[in-house]
Amino acid sequence: MIVEERDYRIKAGHLAEFVGLYEEHGLPIQQELLGTFHGYFTSETAELNHVVAWWSYESLDDRLVRRDRMMADPRWQDYLAKVKGLVEVQHVRFLRPTRFSPIR
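Just so we're aligned: the sequence shown equals residues 1 to 104 in UniProt numbering.
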């Protein structure tokens, strides 16, 4: 199992808009097509205007198949058009849980 951590820096003043669009339009599609959803977080201190999402997959191959299917879905393309221009920077990390991690 792997956990994908996605960290987005959103344009200042647009965090609530981005989160609202994701909740209404993006999340339902991803919950249908992706792996296990662990959470969606916003930053409260230090570097602001960040959104972090955690998803887990059986493997990198499982992730690839699922994300390819999502990217080919017209509903996802419609969602991407809605949030176009709101993301300044995106970072992605793949995390491997330790044997004692509660997320496994």
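Even for Gly, the Cβ is constructed at its ideal location relative to N, Cα and C.
Work out the CA separation of residue j and residue i for me, nearest whole Å.
| i | j | result |
| --- | --- | --- |
| LEU12 | ARG96 | Leu is not the amino acid found at residue 12; the sequence shown has Ala there. Their backbone Cα atoms lie some 32 Å apart in a straight line. |
| TYR79 | VAL89 | 18 Å |
| ASN49 | LEU15 | 6 Å |
| GLU17 | GLU24 | 11 Å |
| GLU44 | ARG63 | 29 Å |
| MET1 | PRO102 | 13 Å |
| VAL87 | GLU47 | 15 Å |
| ARG104 | LEU27 | 22 Å |
| TYR57 | PHE100 | 18 Å |
Going by C-alpha to C-alpha distance, which of the options sits closest to residue i?
| i | options | result |
| --- | --- | --- |
| VAL52 | ARG67, THR42, ALA72, ASP61 | THR42 |
| ASP7 | THR98, SER59, PHE94, ASP73 | PHE94 |
Could you tell me the boundaries of the alpha helix (DSSP H) in which residue i lies?
| i | result |
| --- | --- |
| TYR22 | From DSSP, TYR22 is part of no alpha helix (DSSP H); its letter is neither H nor E. |
| ARG67 | 60-72 |
| LEU33 | 27-33 |
If residue i and residue j are in contact, beta carbons under 8 Å, what's the gap, nearest whole angstrom?
| i | j | result |
| --- | --- | --- |
| LYS70 | ILE10 | Correcting the residue identity first, residue 70 is Met in this sequence and not Lys. In fact, because the Cβ distance is near 21 Å, the residues do not count as touching under 8 Å. |
| TRP55 | GLY35 | 5 Å |
| LEU33 | ASP73 | 7 Å |
Between which two residues does the beta strand (DSSP E) harbouring residue i extend?
| i | result |
| --- | --- |
| ILE10 | 2-10 |
| ARG93 | 87-95 |
From the DSSP secondary-structure annotation, give me the bridge partner or partners of residue i.
| i | result |
| --- | --- |
| THR42 | VAL51 |
| TYR57 | ILE2 |
| PHE100 | Paired residues: none, contrary to the question. |
Can you determine whether any heavy atom of the ligand HEM sits closer than 7 Å to the C-beta of residue i, and answer yes or no?
| i | result |
| --- | --- |
| GLY20 | You won't find the ligand HEM in this model; it holds no ligand whatsoever. |
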